[in-house]
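Undergrad:
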Amino acid sequence: METGEYVVHIVDDEEPVRKSLAFMLTIAGFPVRMHESAAAFLAAAPGLRNACLVTDLRMPEINGVDLIRRLRDMAVSVPSIVITGHGDVPMAVEAMKAGALDFIEKPFEDEVLIAAITRAAAELDRQAATQDSTDILRRLEQLTDREREVLAAVVAGHANKTIAYDLNISPRTVEVHRANVMAKMDARSLPELVRMALAAGIVPK
């Protein structure tokens, strides 16, 4: 996922810190949103897509680790980076157990946080790919055995007449099966159908 395709959400109760981080990340090319508390971020969390979280560890009411735990309990998947000026090994362990992708101690170089956010973007890509594959497999389950055979032949590049000969059915029947496959897979084009087949492992990459 490229910079600009996801939003970095900064959660820190200190306004100067929020603004400083936001300025640095904006200059680096990241879209940024600021939140003054964990509660404010949690209120917006259910509707987030393509989001990365950068949260301070020590905040009133809800700290950074508890924030990540609550996101997990809400089944909201947001790659999270915890930053703190009071870091130690037990805190880092707790943050990682809660699901943090990274734990960064202040003071840190800008490049350290940017690298962590880049890794978070890679995690977003991984999650998207997993979700994509799961959705494709769900659609595949709707296909009949014959439709699966036609799908495999289509993505292998075989013509309708060849598929009809190989499966001992008429070309017209192949056309009907192809139409059913396209509809059930929700594929708008043959290239899209091929991409789905690759993601599901139906044809070699």
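Residue numbers (our numbering): 593 to 797.
All C-beta atoms in this analysis are idealised placements derived from N, C-alpha and C, irrespective of residue type, glycine included.
#1: Specify whether the segment 738–749 and the segment 670–679 touch according to this definition: at least 3 beta carbon pairs, one from each stretch, less than 8 Å apart.
#2: Does DSSP put residue 658 in a helix, in a strand, or in coil?
#3: Are at least three pairs of beta-carbons, each pair with one atom in the segment 683–694 and one in the segment 746–758, less than 8 Å apart?
#4: Measure the Cβ-Cβ separation of residue 603 and residue 636 and say whether it is below 7 Å.
#5: Between which two residues does the beta strand (DSSP E) holding residue 676 run?
#6: Taking only runs that begin and end inside the segment 676–720, name each unbroken beta strand (DSSP E) of 3 or more residues, in chain order.
#7: In whole angstroms, give me the CA-to-CA distance for residue 744 and residue 759.
#8: Can you name the start and end residues of the beta strand (DSSP E) that residue 748 belongs to?
#9: As an exercise, report each continuous beta strand (DSSP E) stretch of at least 3 residues that is fully enclosed by the segment 618–665, in chain order.
#10: Go ahead and label residue 712 buried or exposed: buried means 16 or more other beta carbons lie within 10 angstroms of its beta carbon, across all protein chains shown.
TA: By the coordinates alone:
#1: no
#2: Position 66 of the sequence shown, counting from 1, holds the residue named residue 658. If DSSP states are grouped into helix, strand and coil, residue 658 belongs with the helices.
#3: no
#4: On the sequence shown, position 11 is the one that residue 603 refers to. On the sequence shown, position 44 is the one that residue 636 refers to. No, they are not a contact pair.
#5: Counting from one through the sequence shown, the residue named residue 676 turns up at place 84. Segment 672–676, the beta strand (DSSP E) holding residue 676.
#6: 694–697
#7: As a first step, residue 744 is located in the sequence shown; it is residue number 152 there, counting from the start. As a first step, residue 759 is located in the sequence shown; it is residue number 167 there, counting from the start. Distance between the alpha carbons of residue 744 and residue 759: 12 Å.
#8: To locate residue 748, count along the sequence shown from 1; it is residue 156. Premise fails: residue 748 is in no beta strand (DSSP E) and is neither H nor E.
#9: 624–627, 643–648
#10: The count along the sequence shown starts at 1 and reaches residue 712 at position 120. Per the 10 Å Cβ criterion, buried.
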